[in-house]
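Taking it in order: structure first as structure tokens, then the write-up.
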């Protein structure tokens, strides 16, 4: 999980704290570029390809983590 | 006492300069240090870098490293180390590059590869390292790619060099879009012919006839390294805070005609 948070922070380029229950779209760093970075991270690091419609359903950091690890 | 008005000040800013062992980049290092910047100087040429370090103000504040910019992994480590020692990066002058005159019909694929790697890829990946989380200042920064008039205007024997310089013009525009959200400005600068020690020994400046022809192309005559360095100070400083994605010709009027 620690590794995931590190990768997620890097994708968002967020230096502030990240908690699993956070709704990541509320972060100041969230943007269309951050979205592309997270999608790329999921693909490269977890071999998970996610459709935009599916990703839109994910609200929290935990949900993204689950999507990465519960293939 | 209130500080005198100086929107061009680089005081407190950390500036990375590639190719700083000679020529325009060395002058950039000297002038930026005079404007108060802390420097991270990179070049393959260690002796040249050491010499540059004897010319800058407050050498004890700066960091320098001899590195092959094509060794991307190593560059990443050096940038990280430099940030730990000097502080987070506010600006980058991507000066490092090579020039050539070669005819289109004689150019081989490996020559093109070499020029794109040295003139384009190194700047691309150095900019990537400098703007990584943890390396870039939280306030954002300013990146300057060194293009050339050859990136916008045609000349016999300059297709290889010119293509790489045109690529940098375009790169600056796209990165300006991508980096604006991080308050990073990205611009390019297009120098005309500059009298550097290396250029002075090349036929186009050494030969009196060729030099006269070259001078005639520049309304204000040939340039000096400080002409470019001072323009860089503008692009690095807060004086250009609303300038991004543009190209600045500093060419003594070459591009007017």
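Protein chains in written order, with the numbering used here: chain B, 1111 to 1181; chain W, 297 to 553.
C-beta atoms are modelled at their ideal positions from N, C-alpha and C, and glycine is treated no differently.
Quantities reported herein were computed from a predicted structural model and do not represent experimental measurements.
- Put simply, the backbone Cα of residue 494/W is about 11 angstroms away from that of residue 500/W.
- Taking a Cβ-Cβ threshold of 8 angstroms, none of the residues of chain B is close to residue 459/W; the smallest such distance is about 28 angstroms.
- A straight-line Cα-Cα distance of about 15 angstroms links residue 472/W and residue 419/W.
- Here the alpha carbons of residue 1165/B and residue 521/W stand approximately 52 angstroms from one another.
- In its chain, beyond the 5 residues on either side, 316, 317, 337, 339, 360 and 362 have a beta carbon closer than 7 angstroms to the beta carbon of residue 345/W.
- When beta bridges are read from the DSSP output, residue 519/W appears opposite 490/W.
- Between residue 440/W and residue 335/W the beta-carbon gap is near 14 angstroms, outside 8 angstroms, which marks them as no contact.
- Residue 339/W carries a strand assignment under DSSP once its states are collapsed to helix, strand and coil.
- The C-beta distance from residue 1114/B to residue 1178/B rounds to 7 angstroms, short enough to meet the 8 angstroms contact threshold.
- In the three-state reduction of the DSSP assignment, residue 1170/B falls in the strand class, which pools E and B.
- Beyond the five residues adjoining it in sequence on each side, residue 482/W comes within less than 7 angstroms, by CB distance, of 439, 468, 471, 472, 475, 540 and 541 in the same chain, given in chain order.
- Here residue 529/W really is in contact with residue 304/W; their C-beta atoms are around 6 angstroms apart, less than 8 angstroms.
- Under the three-pair Cβ rule at 8 angstroms, the region 392-399 of chain W does not count as touching the region 350-360 of chain W.
- For residue 512/W, the uninterrupted alpha helix (DSSP H) segment begins and ends at 504-513.
- DSSP places residue 1126/B in the coil class of the three-state scheme, outside both helix and strand.
- Here the region 422-434 of chain W lies against the region 370-381 of chain W, with 3 or more beta-carbon pairs under 8 angstroms apart.
- Take residue 330/W, set aside five residues on each side of it, and the residues of its chain with a beta-carbon closer than 7 angstroms to its own are 353, in chain order.
- Per DSSP, residue 361/W lies in no alpha helix (DSSP H) segment; the continuous beta strand (DSSP E) that holds it begins and ends at 359-362.
- If you draw a straight line from the Cα of residue 366/W to the Cα of residue 413/W, it comes to about 7 angstroms.
- Taking all protein chains in view, the Cβ of residue 432/W is crowded by 16 or more other Cβ atoms within 10 Å, so the residue is classified as buried.
- The contact set of residue 477/W on chain B, defined by CB atoms closer than 8 angstroms, consists of 1141 and 1143 in chain order.
- Judged by their CB atoms, residue 400/W and residue 455/W are nearer to each other than the 8 angstroms cut-off.
- Think of a sphere of 9 angstroms around the beta carbon of residue 331/W: no beta carbon from chain B falls inside it, the nearest being about 28 angstroms out.
- One thing to note: residue 443/W has its Cβ within 8 angstroms of the Cβ of residue 465/W.
- Apart from the 5 residues on each side of it in sequence, residue 462/W sits with its Cβ closer than 6 angstroms to the Cβ of 447 in its chain, given in chain order.
- Listed by position along chain W, the residues whose Cβ is nearer than 9 angstroms to that of residue 1116/B form an empty set, because the closest Cβ is around 11 angstroms away.
- Within a 10 Å sphere around the beta-carbon of residue 487/W sit 16 or more other beta-carbons, which makes this residue buried.
- In the DSSP assignment, residue 1146/B falls within the unbroken alpha helix (DSSP H) covering 1142-1156.
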